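Notes for the one structure printed next.
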Amino acid sequence: MQYKSQAVAKPYFIAALALFVAQILFGLIMGLQYVWGDFLFPHIPFNVARMVHTNALIVWLLMGFMGAAYYLVPEEAETELHSPKLAIALFWIFLVAAGLTVVGYLTVPYATLAKVTGNDLLPTMGREFLEQPLLTKAGIVVVALAFLFNITMTILKGRKTAINTVLLLGLWGLAVMFLFSFYNPDNLVKDKFYWWWVVHLWVEGVWELILGAILAFVLIKITGVDREVIEKWLYVIITLTLVTGIIGTGHHYYWIGTPEYWQVWGSIFSALEPIPFFAMTLFAFNMVNRRRREHPNKAATLWALGTGVMAFLGAGVWGFLHTLAPVNFYTHGTQITAAHGHMAFYGAYVMVNLTIISYAMPLMRGRAANSNKSQVTEMWGFWLMTVSIVFITLFLTAAGILQVWLQRVSDNPMPFMMAQDQASLFYWLREWTGVVFLVGLVVYLASFFIKGEEKAAA
Amino acid sequence: MNVTPTRGIARRLDLVFAFLVAATGVTWLVGETGSAGPAAVALILGLALVKGWLVIREFMLLRRASLLWNLVVAGWLVLILATIALTYWKALR
Amino acid sequence: MTETLTGDAPVSRAAALPRHPPGDLAIWVFILAELLAFGVFFAVYAVTRMKNAALFDAMQPNLDRNAGAINTVLLLAGSWCVARSVDSIARDARPASVRWLGAAIACGGGFLVVKVFEYAAKFAAGINLATNDFYMFYLSLTFFHFMHVILGMAILIAVWIKARAGGYSAADHRGMETGAAYWHMVDLVWIILFPLVYVMR
Amino acid sequence: MSGTFTTSTARNIFYGGTLFFLLVFLALTFQNEQIIPKRDRREMLANPQIAEGKKLWETNNCIGCHTLLGEGAYFAPELGNVVVRLGSKEAVKAFIKGRPAEGIAGRRSMPQFNFSDKDLDAIADFLEYVSKIDAAKWPPNVQG
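Residue numbers (the numbering used here), protein chains in the order written: chain A, 1 to 458; chain B, 1001 to 1093; chain C, 2001 to 2201; chain D, 3001 to 3144.
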């Protein structure tokens, strides 16, 4: 850690990991509800568990991105953060808002929550991933703007590198695209059309800029390869990402009342989306192979390489599997989508957050890297979680194929619930694999508390 | 200005251009006469192949690049034209 | 192993790299990506035509082949001018290089004008992307290409401005080669598009 | 001369390429806005019940279990075509109304929302409207 103010990242990372735990616990509840239908009913119905699961994910990833920005921007800009106090204040505001929102989800019926939080003023709630009350959404905008102010001011007064420029662009894009969450017309087709401007243009657009910037930063640090080399590849990869990803939005416009030309445009451009992910994997391995130093933090290197591979598999390969319109006609809205969603989010955004946390946390705790013992434990966490998510994805894919076959393709299409019963074996396997994932997460978290021989900070 | 080989390049470019325009004229003529069928399609796709090849080699200057680069870009051209020809042929049957 | 750890490794690698075409490697990555996108688009067109040959053959005569052919010539001429411009700067003939570039930009502008008239006629007939599969592809492909011509012209104009200011020389004109390569790509794509969409039946 | 690869060119291509594809996407969006009036059944929205039904759909987080035109959660059946599948709006209303408050033992259970008859009408009107949107022949069959 070269600048004192980088330390503000620490509470962000800790809160992110706490929310990660909450996300997984609620995921396990949902997984169980898939096979034990009335588990916790009517106290925590599936839809509530799902809101907590997905919203906790989104919030902790955002927390992680913010922490990453607070950590790497001062170092890249070679100056202290504009206002560490603001960063800490925003942390508490964000955390309390997120906490209150979750408490709201869990304690009162959603309709009541909508009423008391003023959803009537501007109805925005009750749409997938955008379930947050108006107040929370407004809070997110305020926090995001203040955060961007802080980061932008820091970069303006310091060195402008490709990494912090790309990061800043991604973060601004994130904030701007979120504004579409306030647009909710009665016309369902338009509602859905612009809803994707938040969801797709986040995860297959601007978030990938953030991902690329964080990965590039960590690769420079752990490999010692010339900044010039890493930065130009960063630009090439994010160019490919946006060239394919922006029009790739069209792969969500096949069956929601939008015209048929999206089937052609969406299929073509989203079919090319795996390319930037593949490039990123090649890039990460290439840089590590060309390393000019042996960084003591092996765990961070593992996470960085893992991000490349898993993002390619989850977002690239599993996305491609069902992105072509003729295939998607049968797979749209099935467990295939869920399978892709799990591996893509884990492989791209969970792992990149854990990469920067793995790299930065030891430094913020005053050492170049954790002890060997701690790192070995962390790597166990890596493998347990990563292998689990692969199997969760495979089981969900199996469930999805079965569902598509029974419910969509066969001559005598089976009703939804009957088809679900047929897939219950795979849901059980998924749930047990989810337990293994939780074990992996506990092991990972335990690594933070393992002492041993440490190397002094560089 | 007085180096002969480079003047040669200019003349070469002029000849390529003249050929490209002439080939385009033939393709246009095929369209104007409303010609259909395998022979006409083979002619225009063949001309497209030659035109594309000339643009790649002479204008994009891939003749100065390694074999790999030539294979990649010309391979693209051949692959696309072959796909078009194949689908045309299958639609006939 | 030790070799990858030493500082001079990239230098020895560079020597082993294949000879790249003129221009910056970054533009070539972009060109390959564009060619791939167009290539897939053409293939999807071809397959859709295969399945709906009757519709495609019935609709195709409505296209303006004259406009298509004129535009082909304009793009070829533009490409030729750019190639001559690069050749001129390689001989340090700077005024000639700038003139050739200007001519190329004029050709591109001509293409856009012809295309706008062609589109105007189609739009006036009430044709849009939802009319039928043929017009969907015709409009999609030509519009996507149309946008590329605009982008190519933007690049050429940037190069032209720099060339006029004396920014290129026989010793260093990589920027011009970079812009030229992109412009030729736009031409190359049209060389397939014209027979495929306007003529083949 | 050959074999160069500069950060500044890569950066310019990034900005130019992104802007370019964004413009193409916006053009496609513009065309989308021109075409969807023929597909999205916006004339039905003259009935204020539909907007009310959509709001009830949202404020009860139906999307948290169900899909609507294939988007949402995959825990419970697709509802874009539910009016067609169950045969009538009345059947849809009866189904919603008939959910036991304590759920069905061991089964995935839909909560009892205690909707008024007016609310149920609005929800059914909304679901009927959704079933009439031209979704390019999706879903493949009535089971959704």
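Beta carbons are placed, not taken as given, at the ideal position from N, Cα and C, and that holds for glycine. Keep in mind the model is a prediction, meaning the values are calculated, not measured.
Checking the sheet assignment: what are the DSSP bridge partners for D/L3068? To locate residue 3068 of chain D, count along the fourth sequence from 1; it is residue 68. Beta-bridge pairing links D/L3068 to D/E3071.
Euclidean distance between Cα positions of C/L2005 and A/F26: Within the third sequence, numbered from 1, the residue matching residue 2005 of chain C stands at position 5. Within the first sequence, numbered from 1, the residue matching residue 26 of chain A stands at position 26. Note that C/L2005 scores 38 on pLDDT, short of 50, meaning its location in the model is unreliable; the coordinates nonetheless yield the value given after this. In a straight line, the C-alpha of C/L2005 is about 46 Å away from that of A/F26.
Distance between A/I93 and A/Q422 (C-alpha atoms, nearest Å): Here residue 422 of chain A corresponds to residue number 422 of the first sequence, with the count starting at 1. Here residue 93 of chain A corresponds to residue number 93 of the first sequence, with the count starting at 1. Distance between the alpha carbons of A/Q422 and A/I93: 46 Å.
Does the distance from the CB of D/T3006 to the CB of C/D2024 come in under 8 Å? What you label residue 3006 of chain D is simply residue 6 of the fourth sequence in a count that begins at 1. What you label residue 2024 of chain C is simply residue 24 of the third sequence in a count that begins at 1. For D/T3006 and C/D2024, yes; Cβs fall inside 8 Å.
Roughly how many whole angstroms lie between the Cα atoms of A/A69 and A/F277? Here the question's residue 69 of chain A lines up with position 69 in the first sequence. Here the question's residue 277 of chain A lines up with position 277 in the first sequence. A/A69 and A/F277 have their C-alpha atoms some 22 Å from each other.
Is the shortest distance between the beta-carbon of C/W2190 and the beta-carbons of chain A less than 8 Å? As a first step, residue 2190 of chain C is located in the third sequence; it is residue number 190 there, counting from the start. For C/W2190, the answer is no, since every Cβ of chain A falls outside 8 Å of its Cβ.
With DSSP run on the structure shown, which of helix, strand or coil describes A/R367? By one-based count along the first sequence, residue 367 of chain A stands at place 367. It is a strand residue.
Three or more C-beta pairs below 8 Å linking the segment 187-196 of chain A and the segment 233-241 of chain A: At 8 Å Cβ cutoff, the stretches do not touch.
Between A/T355 and A/W303, which are expected to be in contact by the criterion C-beta below 8 Å, what is the C-beta distance as a whole number of angstroms? Sequence index remark: in the first sequence, residue 355 of chain A carries index 355 (1-based). Sequence index remark: in the first sequence, residue 303 of chain A carries index 303 (1-based). Right, the Cβ-Cβ distance comes to about 4 Å (below 8 Å), so this counts as a contact.
Whole-angstrom C-beta distance between A/L113 and A/G104, which should lie under 8 Å: The residue given as residue 104 of chain A occupies position 104 in the first sequence. The residue given as residue 113 of chain A occupies position 113 in the first sequence. Right, their Cβ atoms sit about 5 Å apart.
Using 8 Å as the limit for Cβ to Cβ distance, is A/Y261 near chain C? Indexing the first sequence from 1 puts residue 261 of chain A at position 261. Closer than 8 Å to some Cβ of chain C, the Cβ of A/Y261 qualifies, so yes.
So B/S1035 is in the alpha helix (DSSP H); what residue range does that whole segment cover? Along the second sequence, one-based indexing puts residue 1035 of chain B at 35. In the DSSP assignment, B/S1035 falls outside any alpha helix (DSSP H) and carries neither an H nor an E.
My guess is that B/A1074 and B/W1053 are in contact by the Cβ rule of under 8 Å, so how many angstroms apart are they, rounded? Walking along the second sequence from the start, residue 1074 of chain B turns up at place 74. Walking along the second sequence from the start, residue 1053 of chain B turns up at place 53. With 8 Å as the limit, B/A1074 and B/W1053 qualify as a contact, their Cβ atoms being about 6 Å apart.
What are the residues of the segment 1035-1052 of chain B that lie near chain C, defined by any Cβ-Cβ distance shorter than 7 Å? Along the segment 1035-1052 of chain B, going in chain order, the ones with a CB nearer than 7 Å to a CB of chain C are A1036, V1041, I1044, L1045, A1048, K1051 and G1052.
The alpha helix (DSSP H) that contains B/A1085, what's its start and end? Taking the second sequence and counting its residues from 1, the one referred to as residue 1085 of chain B is at position 85. Its alpha helix (DSSP H) spans residues L1067 to L1092.
Applying the 10 Å Cβ sphere with the 16-neighbour rule, what's the burial state of A/L406? Here residue 406 of chain A is taken as the residue at index 406 of the first sequence, counted from 1. Around the beta carbon of A/L406, 16 or more other beta carbons lie within 10 angstroms, which makes this residue buried.
Might you give, ordered along the chain, the residues of its own chain that have their beta carbon closer than 7 Å to the beta carbon of A/A339, omitting 5 neighbours on each side? Start at 1 with the first residue of the first sequence, and residue 339 of chain A comes out as number 339. Excluding residues within five positions, the ones whose Cβ falls inside 7 Å are W318, T393, L396, T397 and G400.
Residue span of the alpha helix (DSSP H) that contains C/D2057, given as start and end: Taking the third sequence and counting its residues from 1, one reaches residue 2057 of chain C at position 57. A2053 to M2059 is the extent of the alpha helix (DSSP H) around C/D2057.
With 16 other Cβ atoms within 10 Å as the buried cut-off, status of B/T1004: On the second sequence, position 4 is the one that residue 1004 of chain B refers to. In this predicted model, B/T1004 has a pLDDT of only 43, less than 50, meaning its place in the structure is not dependable; the value taken from the coordinates is given anyway. When all chains shown are included, B/T1004 counts as exposed.
Chain C contact for B/A1022 (CB, 8 Å cutoff): In the second sequence, counting from the first residue as 1, residue 1022 of chain B sits at position 22. Residue-level contact by beta carbon fails for B/A1022 and chain C, as no gap is shorter than 8 Å.
Please determine if the segment 3047-3054 of chain D and the segment 3115-3122 of chain D are in contact, where contact requires at least 3 C-beta pairs separated by less than 8 Å. Verdict: yes, contact present.
Any alpha helix (DSSP H) of 4 or more consecutive residues that is wholly inside the segment 2030-2108 of chain C: List check, alpha helix (DSSP H) in window: 2053-2059 and 2065-2090.
Count the other C-beta atoms from every protein chain shown that fall within 10 angstroms of the C-beta of C/A2083, then say buried if there are 16 or more, exposed otherwise. In the third sequence, residue 2083 of chain C corresponds to position 83, counting from 1. Counting Cβ neighbours within 10 Å, C/A2083 comes out buried, since at least 16 surround it.
What does a CB cutoff of less than 6 Å around D/R3085 pick up in its chain, not counting 5 residues either side in sequence? Reading the fourth sequence from its first residue, position 85 is the one you call residue 3085 of chain D. Closer than 6 Å at Cβ, skipping near neighbours: V3142.
DSSP bridge partner residues for D/E3078 (one or two, in chain order): Within the fourth sequence, the letter at position 78 stands for residue 3078 of chain D. Beta-bridge pairing links D/E3078 to D/T3067.
Buried or exposed, going by whether 16 or more other CB atoms sit within 10 Å of the CB of C/V2116? Looking up residue 2116 of chain C in the third sequence gives position 116. Classification for C/V2116: exposed.
Under a Cβ-count criterion, where at least 16 other Cβ atoms within 10 Å of its own Cβ denotes burial, should B/K1051 be classed as buried or exposed? To locate residue 1051 of chain B, count along the second sequence from 1; it is residue 51. Buried, since its Cβ has 16 or more Cβ neighbours within 10 Å.
If we require 4 or more residues per run, which alpha helix (DSSP H) segments fall completely within the segment 36-104 of chain A? Within the segment 36-104 of chain A, the complete alpha helix (DSSP H) segments of 4 residues or longer fall at 46-77, listed in chain order.
Which term fits D/Y3015, buried or exposed, when burial requires 16 or more other beta carbons within 10 angstroms of its beta carbon? In the fourth sequence, counting from the first residue as 1, residue 3015 of chain D sits at position 15. Its Cβ having fewer than 16 others within 10 Å, D/Y3015 is exposed.
For A/F46 and chain D, any beta-carbon pair shorter than 8 Å? To locate residue 46 of chain A, count along the first sequence from 1; it is residue 46. Chain D, which has a Cβ nearer than 8 Å to the Cβ of A/F46, makes this yes.
With 7 Å as the C-beta to C-beta threshold (strictly closer), list the residues of the segment 3030-3048 of chain D near chain A in chain order. Taking 7 Å as the upper bound on Cβ-Cβ separation, chain A lies near residues N3032, I3035, I3036, R3039, D3040, R3042 and L3045 of the segment 3030-3048 of chain D.
Just to make sure I have the definition right: I need the residues of chain C whose C-beta is within less than 9 Å of the C-beta of D/L3022. Which are they? As a first step, residue 3022 of chain D must be located in the fourth sequence, where it is residue number 22. In chain order: nothing, as chain C lies at least about 11 Å away.
Determine the direct distance from the alpha carbon of C/M2147 to that of C/S2140, and round the result to whole angstroms. One-based indexing of the third sequence puts residue 2140 of chain C at position 140. One-based indexing of the third sequence puts residue 2147 of chain C at position 147. Take the alpha-carbon of C/S2140 and the one of C/M2147: they are about 11 Å apart.
Chain B contacts from the segment 2037-2050 of chain C (Cβ-Cβ distance under 7 Å): Residues passing the 7 Å Cβ filter: G2039, F2042, A2043, A2046, V2047, R2049 and M2050.
Going along chain C, which residues have a C-beta under 9 Å from D/T3006? Residue mapping note: residue 3006 of chain D aligns to position 6 of the fourth sequence, counting from 1. Those are D2024, L2025, A2026 and R2174, listed as they occur along chain C.
Leaving out the 5 sequence neighbours to the left and right, which residues in its chain are closer than 6 Å to A/G314 when beta-carbon positions are compared? One-based indexing of the first sequence puts residue 314 of chain A at position 314. Excluding five sequence positions before and after A/G314, the CB atoms of its chain that fall closer than 6 Å to its own CB belong to M343, A344 and G347, given in chain order.
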